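Chemist:
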Amino acid sequence: MLDIQTLRNDLAGVAARLKTRGFELDTAKFEQLEAERKSIQTRTQELQAKRNASSKLIGQAKAKGEDTTAIMAEVGALGDELKQLEAKLPQVLADMDA
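Residue numbering for the sequence shown follows the numbering used here, starting at 271 and increasing by one per position.
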């Protein structure tokens with residue numbers, strides 16, 4: 271099994287070494303999957319940060335006796351998108367291992 275860090279850091283070198291052993295690595299597919307993985311992880315982190323900030327606002331609004339319906343709906347939507355991304359990430363990682 272190949273180290274993922276080695277693939278990320280020296281994809282062309284790994285592909286060349288594998289070719290000498292008779293294996294053709296689809297570097298374009300790997301790069302596409304790697305870009306997709308990065309995108310999913312970045313978006314997930316952004317959504318988590320936004321959800322945490324919104325949750326803090328909910329607590330502050332409730333302490334002041336304000337209506338939190340809109341913020342809670344936003345947090346719910348963020349949670350839904352997070353679930354979708356978190357479900358997609360293992361699929362992308364599995365495709366990278368294939």
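All residues carry an ideal CB built from backbone N, CA and C; glycine is no exception. These figures come from a predicted structure and were not determined experimentally.
Are Asp-365 and Leu-303 touching if we call contact CB-CB under 7 Å?
Modeler: Yes.
Chemist: Once you ignore the five residues that flank Leu-348 on each side, which residues in its own chain have a CB closer than 8 Å to its CB?
Modeler: Taken in chain order, the residues that qualify are Leu-317, Lys-320, Arg-321, Ser-324.
Chemist: I believe Ile-310 touches Leu-359 by the beta-carbon criterion, under 8 Å. Please report the beta-carbon distance rounded to the nearest angstrom.
Modeler: Indeed, because the Cβ distance is near 5 Å, the residues count as touching under 8 Å.
Chemist: So Leu-272 packs on Phe-300, CB below 8 Å; how close in whole Å?
Modeler: Not really, about 10 Å apart at Cβ, beyond 8 Å.
Chemist: Just the Cα atoms here: how many angstroms apart are Arg-313 and Lys-334?
Modeler: If you take the alpha carbons of Arg-313 and Lys-334, they lie about 31 Å apart.
Chemist: For Val-345, which residues from the same chain have a beta carbon less than 8 Å from its beta carbon, with the 5 sequence-adjacent residues on both sides left out?
Modeler: Same-chain partners within the cutoff: Arg-321, Ser-324, Ser-325, Ile-328.
Chemist: Please look up how many angstroms separate the CB atoms of Leu-363 and Arg-307, rounded, as I've assumed it's under 8 Å.
Modeler: Confirmed, about 7 Å.
Chemist: Helix or strand or just coil, what does DSSP make of Ala-333?
Modeler: Ala-333 falls in the helix class under three-state DSSP.
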